[in-house]
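**Student:** The structure follows.
In the UniProt record's numbering, the protein residues as written are 1 to 237.
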């Protein structure tokens, strides 16, 4: 709906609508576009460019925090997503990492390091976001066993179910979870208000949750029951 139409409907100024749309989009409750907004879809993710902008400072903080949890000379999976790309950017000061990824952007971000040994999964490239998916990608990921699996997600239900949009992405994420000794989930606060259709797994499948805001008491109880360590990355960038 256009901003002008919403202003007329609610009897407020267009500037008020723009401010409220910006706020709700920041919470992941609306998808903002030029001149208006639409509801967030449960069947299709936001465009890659929109996801790069959405809550970018918090994603940077999460990426830096998660990178600090990874020792030098570690092996790790990094999957698809703008938050995992922020994590890859934060690996600048690490040494001698072994990285397996199905994210073309991640591979590009770490490719300049001579002491990083990077395996890029084969498969079908999705041009809009650099994802590499399909049976060949899953086969590549399945060929490794790493110390860490660093994954992103599109939505988290209050009860702890991990959600995403695309079945091929879900299959790759599940493979990474199965083949990692310690799984780090990177998810900013907007993911707690999104409800994609696809189920990746549950909190029991991860070891650490790195986010940008404290969680509710009820969700903390789910984390405790699942044995998940919560890390809150302060947004000071």
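Heads up, the beta-carbon is just placed ideally off N, CA and C, and yes, glycines get one too.
At the level of alpha carbons, what is the spacing between residue 239 and residue 77?
**Tutor:** Since the first residue shown for the chain is 1 and the last is 237, residue 239 is missing from the structure and cannot be characterised.
**Student:** Let me know the secondary structure DSSP gives residue 153 once reduced to three states.
**Tutor:** Reduced to three states, the DSSP call for residue 153 is coil.
**Student:** Shortest alpha-carbon distance to residue 170 belongs to which of 153, 183 and 159?
**Tutor:** Among 153, 183 and 159, the Cα nearest to that of residue 170 belongs to 153.
**Student:** Counting only the same chain and skipping the five closest in sequence on each side, list residues whose C-beta sits under 6 Å from that of residue 310.
**Tutor:** The structure shown has nothing for residue 310, since the chain only spans 1 to 237.
**Student:** Decide yes or no for the touch test of the segment 140–147 against the segment 108–116: beta carbon pairs closer than 8 Å, at least 3 of them.
**Tutor:** With a cut-off of 8 Å, the segment 108–116 and the segment 140–147 do not count as touching, because too few Cβ pairs lie within range.
**Student:** Under 8 Å: do the segment 99–110 and the segment 69–89 share three or more Cβ pairs, one atom per stretch?
**Tutor:** Verdict: yes, contact present.
**Student:** If distances are taken between C-alpha atoms only, which option among 221, 86, 94 and 58 comes closest to residue 72?
**Tutor:** The shortest Cα separation from residue 72 among 221, 86, 94 and 58 belongs to 94.
**Student:** Below 8 Å, can you find three or more Cβ-Cβ pairs linking the segment 176–195 to the segment 119–132?
**Tutor:** No, they do not touch.
**Student:** When DSSP builds the beta bridges, which residues end up paired with residue 117?
**Tutor:** Residue 117 is bridged to 98.
**Student:** Under the three-state reduction of DSSP, which class applies to residue 89: helix, strand or coil?
**Tutor:** Reduced to three states, the DSSP call for residue 89 is helix.
**Student:** Can you tell which of 212, 155, 230 and 187 has the C-alpha that lies nearest to the C-alpha of residue 196?
**Tutor:** The shortest C-alpha separation from residue 196 is found at 155.
**Student:** Just the C-alpha distance for residue 213 and residue 90, rounded to the nearest angstrom, thanks.
**Tutor:** The straight-line gap from Cα to Cα measures roughly 20 Å.
**Student:** Report yes if the CB atom of residue 177 is closer than 8 Å to the CB atom of residue 205, and no otherwise.
**Tutor:** In this structure, residue 205 lies closer than 8 Å to residue 177 by Cβ.
**Student:** With DSSP as the reference, identify every bridge partner of residue 231, one or two as the case may be.
**Tutor:** Answer is 210, bridged to residue 231.
**Student:** Nearest to residue 84 by alpha carbon, out of 106, 220 and 198?
**Tutor:** Of 106, 220 and 198, the residue nearest in Cα terms is 106.
**Student:** For residue 140, count the other beta carbons within 10 Å of its own beta carbon; 16 or more makes it buried, fewer makes it exposed. Which is it?
**Tutor:** Looking at its Cβ environment, which holds 16 or more other Cβ atoms inside 10 Å, residue 140 is buried.
**Student:** Report the option in 19, 56 and 200 whose CA atom is closest to the CA atom of residue 189.
**Tutor:** When only C-alpha atoms are compared, the closest one is 56.
**Student:** I need the straight-line Cα distance from residue 159 to residue 231, nearest angstrom please.
**Tutor:** Near 18 Å, if we compare the C-alpha coordinates of residue 231 and residue 159.
**Student:** Using 8 Å for Cβ pairs, my map puts residue 67 next to residue 233. What's the rounded Cβ distance?
**Tutor:** Going by Cβ atoms, the distance from residue 67 to residue 233 rounds to 10 Å, so no, they are not a contact pair.
**Student:** According to DSSP, simplified to helix, strand and coil, what is residue 223?
**Tutor:** The answer is helix: DSSP assigns residue 223 an H, G or I state.
**Student:** Under 8 Å, do residue 202 and residue 229 count as touching if we go by C-beta distance?
**Tutor:** No, these two residues do not count as a Cβ contact at 8 Å.
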